[in-house]
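These notes are about the structure you will find just below.
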Amino acid sequence: MDILFAQIQADLRSNDALRQSGALLQALQQSAAGRDISVIAKSAVEEIVASPASAVSKKLAFDLIRSTRLTADLWETVCTGIRNDLDFPDPDVTAAAVSILAAIPSYRLGKLINDCNKEISACFDSASDNLRFSITETLGCILARRSRDIV
Numbered sequence: 001m002d003i004l005f006a007q008i009q010a011d012l013r014s015n016d017a018l019r020q021s022g023a024l025l026q027a028l029q030q031s032a033a034g035r036d037i038s039v040i041a042k043s044a045v046e047e048i049v050a051s052p053a054s055a056v057s058k059k060l061a062f063d064l065i066r067s068t069r070l071t072a073d074l075w076e077t078v079c080t081g082i083r084n085d086l087d088f089p090d091p092d093v094t095a096a097a098v099s100i101l102a103a104i105p106s107y108r109l110g111k112l113i114n115d116c117n118k119e120i121s122a123c124f125d126s127a128s129d130n131l132r133f134s135i136t137e138t139l140g141c142i143l144a145r146r147s148r149d150i151v
């Protein structure tokens, strides 16, 4: 298992989108099998979320993040990556960043939305159907989560 995890981490560190995507798919398989992937999630946050990467790699990294628990400092890194991706020229990368907003812990979500209000609002006016759908779906999930918290 250590060899597999080491190979996954090495592939995450590469700047090759295909290798990164393959590594993230392997990590998701390990997570689905019930294995602890926290060390891989940490690498995914540091190597994919916090850095420029392809939209597919970002989306898979966010799926991986949803399948594990992160520490508060890793959530801060995720939030920084989201802020950077909301200004990214590729709307598919921005859509991937928007999709993780619903998974941000409640204690951090309000500040992130407040800090990125302009960028989030701009998503509704995007020429990209994918980005407009992503922001609408994500905000619907956030509102549903907040209403459960209130009730």
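If you read the sequence shown in UniProt numbering, its first letter stands for residue 1, the second for the next number, and so on. Positions of the beta carbon are idealized from the N, C-alpha and C atoms, including for glycine. Everything numeric in this text was worked out from a predicted model, so none of it was measured.
Assess, as a yes-or-no matter, whether the region 66-73 is touched by the region 46-54 under the definition of 3 or more beta carbon pairs within less than 8 angstroms.
-> no
Give me the Cα-Cα distance between Glu137 and Leu131, rounded to the nearest whole angstrom.
-> 10 angstroms
Can you check whether the CB of Ser21 is closer than 8 angstroms to the CB of Ser51?
-> no
Could you tell me the boundaries of the alpha helix (DSSP H) in which Ile113 lies?
-> Ser106 to Asp115
Select from Ile135, Asn114 and Ala23 the residue whose C-alpha is nearest the C-alpha of Cys123.
-> Ile135
Taking just the CA atoms, how far does Ile40 sit from Cys141?
-> 27 angstroms
Go ahead and label Gly34 buried or exposed: buried means 16 or more other beta carbons lie within 10 angstroms of its beta carbon, across all protein chains shown.
-> exposed
Which whole-angstrom value is the C-beta distance of Lys42 and Ala96, which I expect to be below 8 angstroms?
-> Contact doesn't hold; Cβ gap of about 19 angstroms is too wide.
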